[in-house]
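Per the working numbering, the sequence shown starts with residue 6, numbered consecutively. Note that the Cβ used here is the ideal one computed from N, Cα and C, for glycine as well. First comes the structure, then the notes that go with it.
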Amino acid sequence: MKSSLVVPNGKLTLLGTVWTMKTYNSDRFRAQLKSIWKTKKKFEIKISSLNLFMIEFEEEEDLELILVERSWLFRRNLVIFKKLEKPIDKSNLCLVKSPFWLKIGPCPPECDKKDLTHATQDR
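Here you go:
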């Protein structure tokens, strides 16, 4: 019987899932991420099980960039990540939420910032 434990292998790793009930082509998923992510070094995407994948990075900076720049979409579905820092059983994984930002425009230039959560205007 295969272990359901996901264990870090010494590399910087994100666990992820695509928030969908539909099946998708994992090769197309890999190709899309590799084409849009602008990392300094290469990263490797490994499919762990049905709709669970691991992304291994060579640089901490690249991993953090992907987390900071989220939300990421694949075929109009949210891609959810969790940093793998210690062994975790697949049954205890809870990949159901992800921070993201929305731009509701048009906005005044001083409000057009991702890290701005509240803006007030004096009237």
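Selected residue, minimal CA-CA separation from residue i, among the options
i    : options              : result
F48  : L70, Y29, N30, C112  : L70
L38  : R75, E115, K87       : R75
T18  : R33, P113, P92       : P92
D32  : I50, K16, W24        : I50
S103 : K87, T28, S96, S40   : K87
T44  : R80, S96, L100, V73  : V73
S40  : M26, W77, P111, K27  : W77
M26  : P111, W42, V101, S53 : V101
N30  : L55, P111, W42, C112 : L55
A36  : P113, F79, S96       : F79
Exposure label - residue i; buried when at least 16 CB within 10 Å
i    : result
G21  : buried
F58  : buried
T125 : Unreliable placement is indicated for T125, whose pLDDT of 46 sits below 50; no coordinate value is reported for it.
E115 : exposed
I109 : exposed
I60  : buried
F105 : exposed
H123 : Annotation note: pLDDT 49 at H123 (below 50); position unreliable, no value reported.
I85  : buried
D127 : For D127, the predicted structure reports a pLDDT of 43, less than 50, and the residue's modelled location is therefore unreliable. The matter cannot be settled from this model.
Integer-rounded CB distance, given that residue j should sit under 8 Å from residue i
i    : j   : result
P13  : L89 : 5 Å
L107 : W24 : Going by Cβ atoms, the distance from L107 to W24 rounds to 16 Å, so no, they are not a contact pair.
D67  : L10 : About 26 Å separates the two Cβ atoms, so there is no contact after all.
K46  : E65 : The pair is not a contact, with the Cβ atoms about 11 Å apart (cut-off 8 Å).
Beta-bridge partners of residue i, as assigned by DSSP
i   : result
N82 : F79
D94 : L10
L89 : T18
Limits of the unbroken beta strand (DSSP E) element including residue i
i   : result
E74 : Premise fails: E74 is in no beta strand (DSSP E) and is neither H nor E.
I50 : 48–54
V23 : 17–23
M59 : 57–62
First and last residue of the uninterrupted alpha helix (DSSP H) at residue i
i   : result
K39 : 31–41
beta-carbon residue i near the ligand GDP non-hydrogen atom, thresh 8 Å
i   : result
L57 : Of ligands this structure carries none, so the ligand GDP is not represented either.
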